[in-house]
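Here is the structure we will look at, set down as structure tokens.
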Ligand SMILES: [Fe+2]
Ligand SMILES: [Fe+2]
């Protein structure tokens, strides 16, 4: 999560008060972005103003419903109330996320307390490094490309280490709807709409230029390019609208941009 412009300049108490004030006026909107997949979106106007910034969670329905991203711990009441408008929260069976970071998994233990049958699921690195200690319930350790059959939906876990950031990073692919739950990939500012068939690569490049949130690494382009082989029909962005269209082309263009960043960096390093 990028820092707000104001936070960091005040005392802890002052920052707490600001967040409490902000949470009071925020709302979480629900949209169905693919059959049986719901986007729970909270817009925070004072992150990167004037455009603002969204935080999205995704509920995948099935016999065993799964939520991708827990949301920030301090946004838990908003997300819980939104989820309860779709299903009773204690029906959740799986809680997954892209990498260990507050907006991805900060509210995990709140969800585990609310949904007694839910199990956290994450990759081998993340379980070993973080969840074995952090999670109040033992996680299911997912191998690269392992599938959870939700009953009506099939969720594939794909390792993407350090892409866009985090040693433990991964994405989920829902096979029946061809939806890539792509986490922080394609992060963009603003809150124009829940879904788009327009350009998601240009806004992602602009956000990368601004936040510099990715852990640039030599494998990044090829990691993103390998996801294009899935030919996803929908890209479910954690920070931005859901994109419906040629997901492979968008992923290849994003991979090209990261290759460009890496070769620019290599040129600079070569001059030193
Ligand atoms: Fe992140
Ligand atoms: Fe995120």
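Residue numbers (the working numbering): 1472 to 1743. Idealized CB from N, CA, C, for every residue including glycine. Predicted, not measured: the structure shown is a model, and the values here were computed from it.
Residue ranges of uninterrupted beta strand (DSSP E) with 3 or more members, entirely inside the segment 1588–1655 and ordered along the chain, are 1590–1594, 1611–1613, 1618–1620, 1625–1630, 1641–1645, 1650–1654. The beta carbons of residue 1550 and residue 1541 sit closer together than 9 Å.
Per DSSP, residue 1557 lies in no beta strand (DSSP E) and is assigned neither H nor E. Each of 1530, 1704, 1546 was checked against the Cα of residue 1581, and the nearest Cα belongs to 1546.
Only residues of its own chain outside the window of five on either side were considered, and among them 1624, 1625 have a CB closer than 7 Å to the CB of residue 1647, listed in chain order. The beta carbons of residue 1627 and residue 1643 sit about 7 Å from each other, so the pair counts as a contact at 8 Å. Residue 1632 sits close to residue 1596, with the two beta carbons spaced by under 9 Å. For residue 1703, the CB contacts under 6 Å within the same chain, skipping 5 residues up- and downstream, are 1649, 1651, 1718 in chain order.
When the beta-carbon positions are compared, residue 1668 and residue 1605 stay at least 9 Å from each other.
Counting only heavy atoms of ligand 2, the residues whose C-beta sits closer than 5 Å to one of them are, along the chain, 1574, 1655, 1709. DSSP lists 1530, 1566 as the bridge partner or partners of residue 1538. Secondary structure note for residue 1684: it is in no alpha helix (DSSP H), with a DSSP letter that is neither H nor E.
At a cut-off of 8 Å, the beta-carbon of residue 1635 counts as near ligand 1: some heavy atom of the ligand is closer than that.
Under the three-state reduction of DSSP output, residue 1518 falls in the coil class, being neither helix nor strand.
Annotated as proximal: residue 1592 and residue 1566, with beta-carbon spacing under 9 Å. In this structure, 1685 is the residue among 1685, 1515, 1739 with its C-alpha nearest to the C-alpha of residue 1726.
A residue is called buried when at least 16 other Cβ atoms come within 10 angstroms of its Cβ; residue 1527 meets this threshold and is buried.
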